[in-house]
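Notes to accompany the following structure.
Residue numbers (the working numbering): 234 to 394.
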């Protein structure tokens, strides 16, 4: 292979690096947020999660939460209809609206259970003020699973009644 062709291939492959990430999930299912910034932002903008069971208004976050100062959590049917104990089913998902000091949404956090078996089975997404903080599965997805492992039930802190 000539150097010119090698350079062209290298440049072409690098041009995709700035594209928002996609896992190829269905983007129209109102109960399952798709994974990857390239798909999930549009799904959030479409407001699918607003039909879920949501806290009525933003609330002050628990002590130690990085999602300051207020959040509003919405749970899909898999969480809203879950039994009070035990592991959540695959497909359980939450969307957390994160608010700034003047009450504007500054970002979103999304969790979605992809498989059973602990932290590695959860997908985490967080975007604040236009910057992606997490977009992946399990422990490598920033510190999401590290903090959520302290939740009383299956990596999920907020259950909306």
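All residues carry an ideal CB built from backbone N, CA and C; glycine is no exception.
Bear in mind that the values here come from a model prediction, so they are computed numbers and not experimental data.
Just grab the DSSP bridge partners of residue i for me.
i           : result
residue 359 : 342, 367
residue 306 : 329
residue 293 : 303
residue 261 : Residue 261 is not bridged to any residue.
residue 349 : Answer by DSSP bridge pairing: none, since residue 349 is not bridged.
residue 389 : 386
Are there 16 or more other CB atoms within 10 angstroms of the CB of residue i, so buried, or fewer, so exposed?
i           : result
residue 341 : buried
residue 259 : exposed
residue 359 : buried
residue 284 : exposed
residue 388 : buried
residue 235 : With a pLDDT of 45 at residue 235, under the threshold of 50, the predicted position of this residue should be treated as unreliable, though the coordinate-derived value follows. That one is exposed.
With a Cβ-Cβ cutoff of 8 Å, do residue i and residue j count as a contact?
i           : j           : result
residue 306 : residue 365 : no
residue 275 : residue 368 : no
residue 197 : residue 303 : Only positions 234 to 394 of the chain appear in this structure, which leaves residue 197 out of reach.
residue 328 : residue 277 : yes
residue 343 : residue 273 : yes
residue 300 : residue 294 : yes
residue 362 : residue 339 : yes
residue 266 : residue 326 : yes
Whose C-alpha, out of the options, is nearest the C-alpha of residue i?
i           : options       : result
residue 345 : 377, 298, 284 : 377
residue 384 : 279, 266, 298 : 298
residue 257 : 348, 271, 263 : 271
residue 319 : 296, 263, 349 : 349
residue 394 : 317, 370, 337 : 317
The region 347-357 / the region 302-316 touching (three or more Cβ pairs under 8 Å): no
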